[in-house]
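J.: Please find one structure pasted underneath; my questions will follow.
Numbering (my numbering), first residue to last: 1191 to 1729.
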């Protein structure tokens, strides 16, 4: 016998409690995570912005210092001495560094003098006015008499850089220009060396959108990853130009910053909450299982008590029936003798006939008692339950009053059981009569048969008054009846119980007051005999 079904309300409560715990705690964790993530994002962005501001200030100071140093060379041009200019230019480059070249340019834009000569000889004699970006700054300086700086340009010496032009307004070289040339990459490397360059990728763009420098080109995966990192930019002035610096963390710094992100902690906490919720659900389901086991034990105890009581009643009923049957044998024998001796005396014959009828009814009662007590040996054979029920259906319909609608449902497949034909008939008749008596107002009465695993199932369902639990606990006891006195013997269901248990079957009853009653009888299914197989083959 399997465990009774678990209470769906307890299962629902276990699921609800576990789900509620997970939902509430995970919601709180979610709110905390959102706050912590927002705080981490703000802190990280502020750190990147601060680094960008510092880098732009350092780069601006670095370039401005060298522009001012270039302006100091104007003093050396008053004498027109080339050697003095070269010596002063080399001194500036040595002290400050970061220069590609310091040149002197003629009013026509021709580079007349370069320092240092060896590294910049390629630029000597070239005309800066023929280079678009250089031409613009050169002409502005010539027109305004003030210092001007180029946009990003390709240097004569190759590579990206920029240049400044200082007009010479006094002395024999008036109209000429002192030209400072800078290569961008060495300037950035020198100005931002240390933690800024090690921690950040730097990109510089001038006010025309020309890129002065950008970091080494990462692969596609690294580029997409970099685009998701916090980025900041700052625009700053250099001479008469404006540059924009953009910076974002390199891999090592990004790993360090990301270590403070609350995502991993939140994921672990969420996993922990889910695990705790699952453990609580498992524990609650174990309690439900324990309740099922306890209910099964109570049911087994009740069934054992019922079986023990029924066996005791069976032995008692069998003993009483045997003794009563012996008495009836004497009564019926004596009545037959009196009947023969009375001859044709109608008055005596009438009394004897009444005695004989009463004795026959009493004999039938003892047979029912013996059947309940399973003390009547009966011939057992393999029978088709569906066939027996179909053959019995006309009689069942004659027993059924007009107020009751009888429905008999059998399948075409044979349902074989080992039993005795008259007992199976008695089983159906007693159940149907019991159902009819339970429906004084009438209603549907259904008799169904079907296979149920290794058993044959008989269901008799009525729409009668139903029974409470106290009544259900006694319905199979001999002489127990809820009918009025004189309307029943209380042996109908007791006989059904005796027949079913003698076949090693079992009976379940589903009933409640006002909701009708359903009897479910499960009898062991039998295997077809050779004779029945031959009969089936001959059909």
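The beta carbon of each residue, even a glycine, is placed where N, CA and C say it ideally should be. These numbers come from a predicted model, not from an experiment.
DSSP puts residue 1712 in a beta bridge; with which residues?
T.: According to DSSP, which records beta bridges pairwise, residue 1712 is partnered with 1647 and 1696.
J.: Taking the alpha helix (DSSP H) that residue 1198 falls in, what are its first and last residues?
T.: Start and end: 1198 to 1261.
J.: Hey, out of 1659, 1601 and 1597, whose CA is closest to residue 1637's CA?
T.: Checking every option, the nearest Cα to that of residue 1637 belongs to 1597.
J.: With H, G and I counted as helix, E and B as strand and the rest as coil, what does DSSP make of residue 1656?
T.: Correct three-state label for residue 1656: coil.
J.: Can you tell me whether residue 1435 is buried or exposed? The criterion is at least 16 other CB atoms within 10 Å of its CB, across all chains shown.
T.: By the 10 Å Cβ count, residue 1435 comes out buried.
J.: DSSP three-state call for residue 1266: helix, strand or coil?
T.: Looking at residue 1266 - three-state DSSP - the assignment turns out to be helix.
J.: In terms of residues, what are the limits of the alpha helix (DSSP H) holding residue 1374?
T.: Note, residue 1374: alpha helix (DSSP H), 1374 to 1381.
J.: Measuring CB atoms only, is the region 1567 to 1583 touching the region 1539 to 1551, in the sense that at least three cross pairs come out at less than 8 Å?
T.: No, because fewer than three Cβ pairs between the region 1567 to 1583 and the region 1539 to 1551 fall closer than 8 Å, the two stretches do not touch.
J.: For residue 1427, name the three-state secondary structure that DSSP assigns.
T.: Residue 1427 falls in the strand class under three-state DSSP.
J.: What first and last residue would you give for the alpha helix (DSSP H) that runs through residue 1418?
T.: No alpha helix (DSSP H) holds residue 1418; DSSP gives it neither H nor E.
J.: Would the region 1657 to 1666 count as touching the region 1697 to 1707 if we require 3 or more Cβ pairs under 8 Å?
T.: With a cut-off of 8 Å, the region 1697 to 1707 and the region 1657 to 1666 count as touching, because enough Cβ pairs lie within range.
J.: Count the C-beta pairs between the region 1384 to 1400 and the region 1243 to 1256 that are closer than 8 Å, then say yes if the count reaches three, no if not.
T.: The region 1384 to 1400 vs the region 1243 to 1256: in contact.
J.: Residue 1437 and residue 1255 look like a contact to me (Cβ under 8 Å); what is the Cβ gap, rounded to whole Å?
T.: The Cβ separation is near 22 Å, so there is no contact.
J.: Please list, in chain order, all residues of the same chain as residue 1325 whose beta carbon is under 6 Å from its beta carbon, the five residues on each side excluded.
T.: Correct list, in chain order: 1319.
J.: With a CB to CB cut of under 6 Å and the five nearest residues on each side skipped, what residues in its chain are close to residue 1648?
T.: These residues qualify, in order along the chain: 1639 and 1711.
J.: What span of residues does the alpha helix (DSSP H) with residue 1275 cover, start to end?
T.: 1272 to 1286 is the span of the alpha helix (DSSP H), which, as asked, contains residue 1275.
J.: Spatial neighbours of residue 1613 within its chain, please: CB distance less than 6 Å, with the 5 preceding and 5 following residues excluded, ordered by chain position.
T.: Cβ within range, chain order: 1689.
J.: Can a CB atom of chain B be found closer than 7 Å to the CB of residue 1693?
T.: In the displayed structure, chain B is absent; only one protein chain is listed.
J.: Have a look at 1427, 1444, 1338 and 1257 and flag the residue whose alpha-carbon is nearest the alpha-carbon of residue 1418.
T.: Out of 1427, 1444, 1338 and 1257, 1444 has the C-alpha closest to the C-alpha of residue 1418.
J.: Would you check if the region 1366 to 1373 and the region 1282 to 1300 touch, i.e. whether three or more CB-CB distances between them fall below 8 Å?
T.: Touching, yes, given that three or more Cβ pairs across the two stretches are closer than 8 Å.
J.: Can you give the beta carbon distance from residue 1312 to residue 1283, rounded, assuming they're within the 8 Å contact cut?
T.: 18 Å between Cβ atoms; not a contact.
J.: Can you say whether residue 1217 is buried or exposed, counting buried as having 16 or more other CB atoms within 10 angstroms of its CB?
T.: Classification for residue 1217: exposed.
J.: Per DSSP, what kind of secondary structure is residue 1289 in: helix, strand or coil?
T.: DSSP places residue 1289 in coil when its eight states are reduced to three.
J.: DSSP state of residue 1317, grouped into three classes?
T.: Of the three classes helix, strand and coil, the one that applies to residue 1317 here is strand, per DSSP.
J.: Going by alpha carbons, who is nearest to residue 1633 out of 1602, 1706, 1609 and 1697?
T.: Comparing Cα positions, the closest option is 1706.
J.: Between residue 1592 and residue 1474, what straight-line distance do the alpha-carbon atoms span, to the nearest angstrom?
T.: Approximately 53 Å, taken between the alpha carbons.
J.: Name the DSSP beta bridge partners of residue 1338, please?
T.: Paired residue(s): 1355.
J.: Out of 1610, 1516, 1484 and 1402, which has the shortest C-alpha to C-alpha gap to residue 1342?
T.: Cα-wise, what sits closest to residue 1342 is 1402.
J.: Using the beta-carbon count (16 or more within 10 Å), is residue 1310 buried or exposed?
T.: Answer is buried; the Cβ neighbour count reaches 16.
J.: Could you pull the start and end residues of the alpha helix (DSSP H) that residue 1612 belongs to?
T.: Note, residue 1612: alpha helix (DSSP H), 1611 to 1627.
J.: Considering residue 1633, what are the terminal residues of the beta strand (DSSP E) in which it resides?
T.: Element bounds for residue 1633: 1633 to 1642.
J.: Keeping to the same chain, check which residues put their C-beta closer than 7 Å to that of residue 1314; ignore five residues upstream and five downstream.
T.: Counting only Cβ-Cβ distances below 7 Å, and skipping sequence neighbours, we find 1301 and 1304.
J.: Could you tell me whether the region 1450 to 1460 touches the region 1272 to 1280, using the rule of 3 or more Cβ pairs below 8 Å?
T.: They do not touch, by the three-pair rule.
J.: Going by beta carbon distance, what residues of the same chain come within less than 8 Å of residue 1378, once the five residues before and after it are set aside?
T.: Around residue 1378: 1249, 1387, 1392, 1394 and 1403.
J.: Please confirm whether residue 1373 and residue 1351 have their CB atoms less than 7 Å apart.
T.: In this structure, residue 1351 lies closer than 7 Å to residue 1373 by Cβ.
J.: What's the C-alpha gap between residue 1590 and residue 1469?
T.: Computed Cα separation, rounded: 57 Å.
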